[in-house]
Every structure is written in C-alpha cells, then in structure tokens.
Amino acid sequence: MSVSESKSQISLGFLTVVDGGDTGCIGGYLVLNMGGRPLEFHCTAPVRANRAQQILYGQSLTPFIYGELIARALIDKAALKPSVVFADQQETLAVQGLTQLPVALLKTGVESPERQALLGFEVEGFSIGVARQFEAQVETLSRYMRRFVETIDLDEPFSRIREAIEEAQRGARAA
C-alpha cells in the first residue's frame, strides 16, 4: 500500500499476550483503521504449557507460546491483513518467520537492550524494532506511524486489548 492511500484503506494490527499465571496465556489481536477505529478483534482461549513442555522448551517456552502458538493463530485467523502488526512483547516476535506481515516491537521511550538485534527507529517518543528482513519497509512504516500518532496514543490499543480480554474472562466466569 502506498502512503498516499486514504486513511480508511490503511490498517494497523496490535497484538499482546496476557499471562494469567495458572489459568494460562491469552492473546488478543486488534486491527484498527488510521482513525483508531476497530476493524477486527480476536482473542485466544487460554494456552498453558504442561510440565513436560516447560522442561523440554526451557527458556524458549515463552517465545514459542507467545509467538508461534498465540500470535500465529491470531494473525492467521484474521480476515484483514494490516500494513504492520505491532507487538508490545519481545517474545511475540517469534511469529516473524511464520507470517508474511511485518511484525514490529513497539516500546515507549528510549531503545531498550532487548531490541538490539532489531532494526530500530523512533516516532514521537516510541521505539520501534523490526526484523532485518523488513528493512525495505522501515520508511513506509515510519510514515504510517507518524500519521497514526496524530490520531491516537500508540500504547492505547494494547490497553483496549487487555481490557477486552479481562471483560471476556469476567463474562466466561459469570456464565
């Protein structure tokens, strides 16, 4: 998509995982138009590793659950394919090799050590890291972000996702 396209044609994805401890991890994926309006939302059922998986996967367990299981399922299920998917957790980036969409780590403030392996840029106080395979798209992503930040706080969609997951959990407990 070119940057000259209208706001209604450009969409951005936001993906986060909420760790519920013993109840498991729940992922949420929100696709917004450039005006900040929701176009699509999905969340997963809780995903919990069994003891054997915890032992066998070791430190690679969280990236496996967050990226390969949860993020992949959410992105694959979505009907819309946004220009970029933003995640707020490094572990979620494990999905990068499993999707054609660029997936970027979005953090508030200065560059953090966890992003050193990523190609980074900053927009309005947010650090954004993308895999080097998407280097050609950095300029386009930067332009999208500059337009989007005029409309909405970039952290805010992640809050919406977490609140929607909490509401879904309350509804499930009440049923």
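Counting with our numbering, you get residues 14 to 188 for the letters of the sequence shown. For every residue, glycine included, the Cβ atom is placed at its ideal position computed from N, Cα and C.
Sequence-distant residues of its chain with Cβ nearer than 7 Å to residue i (five each side left out)
| i | result |
| --- | --- |
| Ala181 | Cys56 |
| Val60 | Gly37, Cys38, Ile78, Leu82, Ile83 |
| Arg159 | Val136 |
| Phe134 | Ile141, Val151, Ser155 |
Residue nearest to residue i in terms of C-alpha spacing, selected from the options
| i | options | result |
| --- | --- | --- |
| Leu87 | Ile174, Ala187, Leu74 | Ile174 |
| Arg50 | Asp166, Gly40, Ala187, Arg183 | Asp166 |
| Phe161 | Met47, Gly71, Val30 | Met47 |
| Thr112 | Lys90, Ser172, Leu119 | Lys90 |
| Leu43 | Gly184, Ala187, Ser172 | Ser172 |
| Pro170 | Gly33, Leu52, Gln22 | Leu52 |
| Asp168 | Glu104, Leu106, Gln22, Leu45 | Leu45 |
Anticipated Cβ contact below 8 Å, residue i with residue j, distance rounded
| i | j | result |
| --- | --- | --- |
| Leu190 | Ala62 | One cannot answer for residue 190 here, as it falls past the ends of the chain, which runs 14 to 188. |
| Gln102 | Tyr79 | 6 Å |
| Tyr157 | Leu28 | In fact, because the Cβ distance is near 16 Å, the residues do not count as touching under 8 Å. |
| Thr8 | Phe139 | No answer is possible for residue 8: the residues shown for the chain start at 14 and end at 188. |
Close beta carbons around residue i, own chain, < 6 Å, minus the five adjacent residues each side
| i | result |
| --- | --- |
| Leu154 | Val97 |
| Ala58 | none |
| Phe99 | Phe27, Ala117, Leu119 |
Close-in-space but distant-in-sequence residues of the same chain around residue i (CB under 8 Å, 5 per side omitted)
| i | result |
| --- | --- |
| Arg145 | Leu131, Leu132 |
| Glu176 | none |
Exercise. Which whole runs of the beta strand (DSSP E) in the segment 101–161 are 3 residues long or more, in chain order?
Worked result: 116–121, 132–136, 139–143
For this session: Enumerate, from N- to C-terminal direction, the unbroken beta strand (DSSP E) stretches of 3 or more residues contained entirely within the segment 42–94.
Result: 51–56
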